[in-house]
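In what follows, a single structure is set out as C-alpha cells and then discussed.
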Ligand code: SF4
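Protein chains in written order, with my numbering: chain A, 1 to 360; chain B, 1 to 78.
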C-alpha cells in the first residue's frame with residue numbers, strides 16, 4: 001500500500017471526475033472546510049476540471065487566517081519583551097497585526113523563533129532557564145494535541161519558564177454559524193480530514209440532521225477530494241443527508257480517544273473571536289484552571305489590547321463562502337503575499353494566497 | 001496547516017515519560033510524539049502533524065476505499 005501515490009493516481013481521479021460530471025444535474029454550492037483542502041484543490045487544478053455547475057467555496061479552516069487580530073497583537077506585545085523567547089509555527093510570523101507583525105519584531109531585535117512542534121519550544125525553555133519561553137498555540141482540533149502535550153510535559157517536569165498563548169479553535173461551531181446565517185449559500189460540506197482523525201465523525205451527525213446538510217469527511221490527495229465531492233454531490237442529487245466517511249484510512253467514527261482524553265484534561269470550551277468573522281460561542285478551547293500557570297495571557301497580563309483591522313479586507317466574508325478573493329478591491333493590488341493586508345493572503349492555505357499563487 | 005504526512009515508524013522509545021518515535025517519510029527521518037497511539041508498533045504507518053502522530057493508518061480501510069472507488073458506476077445513484 002502506498003498511502004500517497006495510490007491516492008494521486010490519475011486514472012482513478014479521471015474516473016471519479018467523470019462520475020461527478022455524469023451525476024450533476026443542477027447548480028450546487030459545496031464548501032471545503034479546511035485550508036489544506038483549498039490549497040490541494042488548486043495545486044492539482046481540480047477546481048478547473050470540475051463541472052461549472054458545481055461551485056466550491058472555501059471555509060474558515062485555516063488557523064493562520066482566523067486567529068483573532070487581538071491575539072496577534074498580544075503575541076507582538078509579548079515577543080517585544082526583553083528576556084522573552086517567542087516561538088511559533090512559521091506561518092504566523094508574517095500575519096499582520098494592527099500595526100506590525102512578528103517578523104518586524106524579530107528584525108528589530110526581538111528573539112522570535114520558528115519551531116516545528118510545541119515540544120521543540122519546551123526544549124528551548126529547558127535550555128534557557130533564565131528566559132521566558134512562550135509558544136503561540138494556534139490551530140484547530142488537529143493541532144490541539146501537539147500543542148497541549150507541551151503543557152502537560154511542562155507541568156509534569158516542573159518547567160516554570162514556559163507558557164502558551166492559546167488560540168485553539170474548533171470546527172463544528174463554525175459550521176453551525178455558517179449554516180444558521182440568513183445569507184448562507186452552502187448546501188454541502190467536505191469536512192476536514194485530520195480534524196476528524198482526532199475527533200472522529202460523531203460530532204457532525206447532529207449538524208447534518210439539524211440542517212439537513214450532507215457532509216463527507218474528506219482527505220487531502222486529489223482522489224480523496226474527488227471522492228468527498230462525489231459523496232456529498234450524490235447525497236445532494238438524491239435529496240438525502242448524512243455523514244459519509246471518504247477518508248476512512250485515517251478517520252474512525254470515535255477518532256483518537258486517547259488524544260481526546262488528553263484534550264479534555266487540558267482544555268475547556270470557551271467563546272472565541274475569529275478574525276474577520278467575529279465571536280463564535282463555544283468555538284474555542286482554553287486551558288483549564290489546573291494549567292493556568294502556563295497561560296501566557298495571564299502570565300504577561302496582556303488582557304487589554306486595542307486592535308484595528310484593515311478597512312479594505314473582506315476575508316471574513318470569503319471565509320464564510322459569501323465572497324471570493326477576486327471580489328476584494330485590494331486583491332493583487334495593495335494586498336499581495338509580499339505585502340499582505342489580511343491573514344488569508346499570508347498562509348499558503350489562505351484562500352487569497354491560494355488564488356494569488358495559482359492565478360485564479 | 002492541518003496537512004499531515006503518513007510515515008512509517010522505525011523506532012519507538014521513551015523520553016521524559018512520553019512515548020516518542022522515529023518516523024520515516026520516503027527515506028527522510030524525523031522524530032514524532034506517539035503518546036496517544038498506545039498500540040504503535042515498529043512498521044506501522046501513522047499520520048503525523050506538527051510532530052505529533054494523530055492516528056494509525058488503517059491499511060484494510062485504504063484498500064477498501066480504493067476498491068469501492070474503482071467500482072463506482074458512472075450512472076447509478078443508489
Ligand atoms: S485580498 Fe487581502 S485585503 Fe482582500 S480579502 Fe484577501 S487578505 Fe483581505
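Yeah, the Cβ is synthetic: ideal placement off N, Cα and C, and Gly gets one too.
1) Roughly how many angstroms lie between the CA atoms of residue 65/B and residue 248/A, to the nearest whole one?
2) Going along the chain, which residues of the stretch 248-264 of chain A sit with their C-beta nearer than 9 Å to a C-beta in chain B?
3) Residue 62/B: buried (16+ other C-beta within 10 angstroms of its C-beta) or exposed?
4) Ligand 1 and residue 310/A: does the residue's C-beta get closer than 7 Å to at least one heavy atom of that ligand?
5) Going by DSSP in three states, residue 48/B sits in which element: helix, strand or coil?
6) When you compare each of 134/A, 61/A, 235/A and 264/A to residue 193/A by their alpha carbons, which one comes out closest?
7) Compute every distance between the C-beta of residue 97/A and the non-hydrogen atoms of ligand 1, then say whether any falls below 7 Å.
8) Would DSSP call residue 188/A helix, strand or coil?
9) Using a Cβ-Cβ cut-off of less than 7 Å, list which residues of the stretch 261-292 of chain A approach chain B; keep chain order.
10) Count the other CB atoms, across all protein chains shown, that sit within 10 Å of the CB of residue 42/B; report buried if there are 16 or more and exposed otherwise.
11) Candidates 190/A, 208/A, 236/A and 198/A: which alpha carbon is nearest residue 217/A's?
12) Which partner residues does residue 244/A have in the DSSP bridge list?
13) For ligand 1, I want to know if residue 341/A counts as a neighbour, meaning its beta carbon is within less than 7 Å of at least one of the ligand's heavy atoms.
14) Using DSSP with H/G/I as helix, E/B as strand and the rest coil, what is residue 165/A?
15) Residues in its own chain within less than 7 Å of residue 73/A by CB, not counting five upstream and five downstream?
16) Just the chain B side, please: which residues come within less than 9 Å of residue 12/A by C-beta, in chain order?
17) From what residue to what residue does the alpha helix (DSSP H) around residue 38/A run?
18) Just to make sure I have the definition right: I need the residues of chain A whose C-beta is within less than 8 Å of the C-beta of residue 63/B. Which are they?
19) Any chance the stretch 75-84 of chain A sits against the stretch 39-52 of chain A, with 3 or more Cβ pairs inside 8 Å?
20) So what does residue 54/A bridge to, in DSSP terms?
21) DSSP puts residue 56/B in a beta bridge; with which residues?
22) With a cut-off of 8 Å, does the C-beta of residue 360/A fall near any C-beta of chain B?
23) Beta-carbon of residue 77/B versus every beta-carbon of chain A: anything under 8 Å?
24) Within 10 angstroms of the Cβ of residue 78/B, are there 16 or more other Cβ atoms? Answer buried if so, exposed if not.
25) With a floor of 3 residues, list each beta strand (DSSP E) that falls wholly inside the stretch 234-287 of chain A, ordered by position along the chain.
26) Report the rounded CA-to-CA distance for residue 12/A versus residue 22/A, giving the unit in angstroms.
27) Please work out which residues of its chain come closer than 7 Å, Cβ to Cβ, to residue 16/A, disregarding the five sequence neighbours upstream and downstream, and give them in chain order.
28) Can you pull the chain A neighbours of residue 18/B, defined as C-beta to C-beta under 8 Å?
29) What residues from chain A crowd round residue 59/B, counting only those whose CB sits closer than 8 Å?
30) If you drop the 5 nearest sequence neighbours on each side, which residues of the same chain put their C-beta closer than 6 Å to that of residue 316/A?
31) Could you work out which residue in 310/A, 255/A, 283/A and 253/A is closest to residue 267/A when comparing CA atoms only?
32) Put residue 171/A into one of helix, strand or coil per three-state DSSP.
33) I'd like the ranges of any alpha helix (DSSP H) spanning at least 4 consecutive residues and lying wholly in the stretch 283-340 of chain A.
34) For residue 96/A, which three-state DSSP category applies?
35) By the DSSP assignment, the beta strand (DSSP E) with residue 85/A in it spans what residues?
From the atom records:
1) 8 Å
2) 248, 249, 250, 251, 252, 255, 256, 257, 258, 259, 260, 261 and 262
3) buried
4) For ligand 1, a non-hydrogen atom lies closer than 7 Å to the CB of residue 310/A.
5) strand
6) 61/A
7) For ligand 1, not one heavy atom lies less than 7 Å from the Cβ of residue 97/A.
8) If DSSP states are grouped into helix, strand and coil, residue 188/A belongs with the strands.
9) 262
10) Classification for residue 42/B: exposed.
11) 190/A
12) 216/A
13) yes
14) strand
15) For residue 73/A, where only same-chain residues beyond five positions count, the Cβ hits under 7 Å are 97, 98, 305 and 307.
16) The contact set of residue 12/A on chain B, defined by CB atoms closer than 9 Å, consists of 66, 69 and 70 in chain order.
17) 35-43
18) Correct list: 1.
19) no
20) The partner list for residue 54/A (beta bridge, DSSP) reads 28/A.
21) 46/B
22) no
23) Residue placement at residue 77/B cannot be trusted, given a pLDDT of 48 that sits under 50; what the coordinates show is reported in the next sentence. For residue 77/B, the nearest CB of chain A lies under 8 Å from its own CB, placing it at the interface with that chain.
24) Bear in mind that a pLDDT of 44 at residue 78/B, under 50, signals an unreliable position, so the number given afterwards is only what the model happens to contain. Exposed, by the Cβ-count rule.
25) 243-245, 267-274 and 278-287
26) 15 Å
27) 223, 226, 227 and 230
28) 149 and 153
29) Going along chain A in sequence order, the residues near residue 59/B (Cβ under 8 Å) are 1 and 249.
30) 276 and 277
31) 283/A
32) helix
33) You should have 296-299 and 315-318.
34) coil
35) 84-88
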